[in-house]
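A short worksheet on the structure shown next.
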Amino acid sequence: MGKEGVNLLKLMATYDKRWGYLLLFILVLLPMIKPIGMPISVSELTKEYYEQLQTLEEGDIVLDSWSTEYSGYMELKPGMIATHKYFIKNGIKIFICLGHPEGLALVGALLEDELKGYMEAYDYTYGEDYIILGFALPNQAATLAMATDFQGSVKVDWKGDSIKGTFLDRVETGADIDMIADFTTAAGNPGLINHIVLTFGTPMIQNQIGVSLPGSYMNLDAGLITGLLASTRGGSELELLIKEPGPGLIAMDAFTLGHYLLIILIVIGNIGFFGWTKKVSEEMESTTIR
Amino acid sequence: MIGFVPYFIKVPQVNEFANTLTNISSVVGQFTIVIAIYSQYRRSLRFIRERRKGWVYNIYLLTFMSLMILIGFTWGEHNATYMWLVNSIVAPCSSVVYGILAFYMFSAGARAFRARSLKASLLIVAGVIVLLYQAPLTGSYIPGLSPYATFLTETVGMSLNRMFAIAIITGAIMLNVRMLTGRELAFLGFAREEES
Numbered sequence: 001m002g003k004e005g006v007n008l009l010k011l012m013a014t015y016d017k018r019w020g021y022l023l024l025f026i027l028v029l030l031p032m033i034k035p036i037g038m039p040i041s042v043s044e045l046t047k048e049y050y051e052q053l054q055t056l057e058e059g060d061i062v063l064d065s066w067s068t069e070y071s072g073y074m075e076l077k078p079g080m081i082a083t084h085k086y087f088i089k090n091g092i093k094i095f096i097c098l099g100h101p102e103g104l105a106l107v108g109a110l111l112e113d114e115l116k117g118y119m120e121a122y123d124y125t126y127g128e129d130y131i132i133l134g135f136a137l138p139n140q141a142a143t144l145a146m147a148t149d150f151q152g153s154v155k156v157d158w159k160g161d162s163i164k165g166t167f168l169d170r171v172e173t174g175a176d177i178d179m180i181a182d183f184t185t186a187a188g189n190p191g192l193i194n195h196i197v198l199t200f201g202t203p204m205i206q207n208q209i210g211v212s213l214p215g216s217y218m219n220l221d222a223g224l225i226t227g228l229l230a231s232t233r234g235g236s237e238l239e240l241l242i243k244e245p246g247p248g249l250i251a252m253d254a255f256t257l258g259h260y261l262l263i264i265l266i267v268i269g270n271i272g273f274f275g276w277t278k279k280v281s282e283e284m285e286s287t288t289i290r
Numbered sequence: 291m292i293g294f295v296p297y298f299i300k301v302p303q304v305n306e307f308a309n310t311l312t313n314i315s316s317v318v319g320q321f322t323i324v325i326a327i328y329s330q331y332r333r334s335l336r337f338i339r340e341r342r343k344g345w346v347y348n349i350y351l352l353t354f355m356s357l358m359i360l361i362g363f364t365w366g367e368h369n370a371t372y373m374w375l376v377n378s379i380v381a382p383c384s385s386v387v388y389g390i391l392a393f394y395m396f397s398a399g400a401r402a403f404r405a406r407s408l409k410a411s412l413l414i415v416a417g418v419i420v421l422l423y424q425a426p427l428t429g430s431y432i433p434g435l436s437p438y439a440t441f442l443t444e445t446v447g448m449s450l451n452r453m454f455a456i457a458i459i460t461g462a463i464m465l466n467v468r469m470l471t472g473r474e475l476a477f478l479g480f481a482r483e484e485e486s
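What follows is the structure, encoded as structure tokens:
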């Protein structure tokens, strides 16, 4: 028994990390194939974000900033889909500005693959309800130019067609933008805060990836952003609030199981550490000839 | 320092001047892409010439970098070939790298949390509370965890993050000054780097 116990403790301390990878892979994959439908709670953070969305009225203009590469999009996808569904359903006018060269791939991935049917259902049309300006916010200089002289700095959309005669005629400066919706990884475009939020007092909401949330919490705490949607979890909660289930809610089962597996492995690792690693190193120290 | 002032004192002239400086730095910053491309070619070609570890990957890197630049400049970003490269090469590679990171972070989390000392034990307790709260099912069944997790994230985590941000920004300013004064050249590929 004693020997078996020691072996088990050794296994807990020295197991091959690839077993952890395999378990995680299985636990993430299975609920994706066959969702369990575990209940989820809605955080205060997401409720505040939703309340900010509700302040918008039909016809309001939103600067829709996509400062994310394709990899980050995979994490922001539920939040992006849910937020855009809200815009479409409520007749909010958006102009999409990319802040990352990889954003080009997102136009097809989000608007064509995910939202096309939804836009058709609500008769949400290009030029009348939304416009894609392309890689229009690469840096602070471009953001400043757009904020101070919109008509002078932006004349065509991403395909080179004139934006004259569209809802963007109403935008002269940042003061004419009713809200900024920023979908970003890491710091995103600081120009949005520096040149639009601080100068014109335009409210800004943000959907941020998990590892960069602490940075966004600082901006939320300081009142620089008024709503924060946290990663895939926040996206799934928003899906629940707007009653539009999507990829976020499907991912939540895997999210829960992945977190629990990590906690279990931390506990196992610590049992192994005290039962084997620490014991062995103490024994080695006591037998060392000084 | 002029860039800091408008955040604390509202003087339109200073604000305008700070904006102009930001504008100048952004425009100058865009030109650094030329130096970045030059440095990458120079570094990768040296790796290939000297047959250093991983030199084959540098051929792959240079090939696709050249291809993207060539097609982008010649036919523009809406060209079908360019879009195919973005959608079929860049996007999947980007997703794969991100996906793999999750496994590394998971493994690192599971192995790093060891109660080797009192401080490490406190870290584990805090980590487990936040992890439990972040798991949607627990958040639903044990709402009492929320104030503790929120305190750890928004008070402890945020203060540490602020400290981290200040340290990084200070370091970046110092590094930039050293680079501008010619004391730090290895980053730009102008000085010979140590064998990796």
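Heads up: the protein sequence lines correspond to chains A and B, in order. Going by my numbering, the first sequence wraps up at 290, each residue one higher than the last. Going by my numbering, the second sequence wraps up at 486, each residue one higher than the last. Virtual Cβ for every residue (Gly too), placed ideally from N, Cα, C.
Suppose you measure from the CA of residue i to the CA of residue j; what does that come to, to the nearest Å?
i      : j      : result
A:A13  : A:Y260 : 19 angstroms
B:S315 : A:L228 : 29 angstroms
A:E44  : A:E51  : 10 angstroms
A:E75  : B:A392 : 11 angstroms
A:P138 : A:W158 : 14 angstroms
B:S486 : B:I458 : With a pLDDT of 43 at B:S486, under the threshold of 50, the predicted position of this residue should be treated as unreliable, though the coordinate-derived value follows. C-alpha separation (whole angstroms): 25 angstroms.
B:F298 : B:N305 : 10 angstroms
A:A121 : A:I88  : 10 angstroms
B:M453 : A:K47  : 29 angstroms
A:M1   : A:L27  : Because A:M1 carries a pLDDT of 45, less than 50, the predicted location of this residue cannot be relied on, and the following value inherits that uncertainty. Between A:M1 and A:L27, the C-alpha separation is close to 32 angstroms.
A:L22  : A:L29  : 10 angstroms
A:E285 : A:T277 : 12 angstroms
A:I225 : A:Q208 : 12 angstroms
B:L435 : B:V295 : 41 angstroms
B:N369 : A:Q54  : 39 angstroms
B:V317 : A:I250 : 43 angstroms
In chain order, what residues of the same chain lie with their CB nearer than 7 angstroms to the CB of residue i, ignoring the 5 residues before and after it?
i      : result
A:L265 : G20
A:L144 : G191 and H195
B:W345 : F337 and I338
A:L168 : F95 and I131
If you check the beta carbons only, do residue i and residue j fall under 8 angstroms apart?
i      : j      : result
B:R350 : B:G362 : A small correction: the amino acid at residue 350 of chain B is Tyr; Arg does not occupy that position in the sequence shown. For B:Y350 and B:G362, no; Cβs fall outside 8 angstroms.
A:Y49  : A:K93  : no
A:A141 : B:N313 : yes
A:M252 : A:I40  : yes
A:T232 : A:G248 : yes
B:M448 : A:M218 : yes
B:A402 : B:V420 : no
A:I242 : A:A82  : yes
A:T199 : A:G174 : yes
A:P78  : A:G235 : yes
A:S71  : A:F183 : no
A:T185 : A:S212 : yes
A:G215 : B:A455 : yes
A:G269 : A:L9   : no
Along chain B, in chain order, which residues have C-beta atoms closer than 8 angstroms to that of residue i?
i      : result
A:K159 : H368
A:Y21  : F393, F396 and S397
Could you please give me the residues that DSSP links to residue i through a beta bridge?
i      : result
B:L391 : None, per the DSSP bridge assignment.
A:Y130 : A:I94 and A:Y126
A:I205 : A:A181 and A:G227
A:I61  : A:K93
A:V156 : A:S162
A:S67  : A:T184
Taking C-beta pairs closer than 9 angstroms, name the residues in chain A that residue i reaches, listed in chain order.
i      : result
B:Q320 : P138, N139 and A141
B:V317 : N139 and A141
B:L421 : H259, Y260, L262, I263 and I266
B:T353 : By Cβ distance, chain A contributes nothing, its closest Cβ being about 19 angstroms from B:T353, past 9 angstroms.
Going along chain A, which residues have a C-beta under 8 angstroms from residue i?
i      : result
B:V418 : I263 and I266
B:R473 : What B:R473 touches in chain A: nothing, since even the nearest Cβ is about 27 angstroms away.
Residue i touches chain B at which residues, Cβ-Cβ below 7 angstroms?
i      : result
A:M204 : The premise fails here: A:M204 is roughly 16 angstroms from chain B at the closest Cβ pair, so nothing lies under 7 angstroms.
A:M252 : P426
A:L24  : F393 and F396
For residue i, which residues in the same chain have their Cβ closer than 8 angstroms to its Cβ, ignoring the five residues on either side in sequence?
i      : result
B:A405 : S411 and I414
A:S292 : Because residue 292 of chain A is not part of the residues shown, which for chain A are 1 to 290, the question remains open.
I'd like the list of long-range same chain contacts for residue i, defined as Cβ closer than 6 angstroms, with 5 residues on each side in sequence excluded.
i      : result
A:L63  : I177 and I180
A:P203 : M179 and T226
A:I193 : L224
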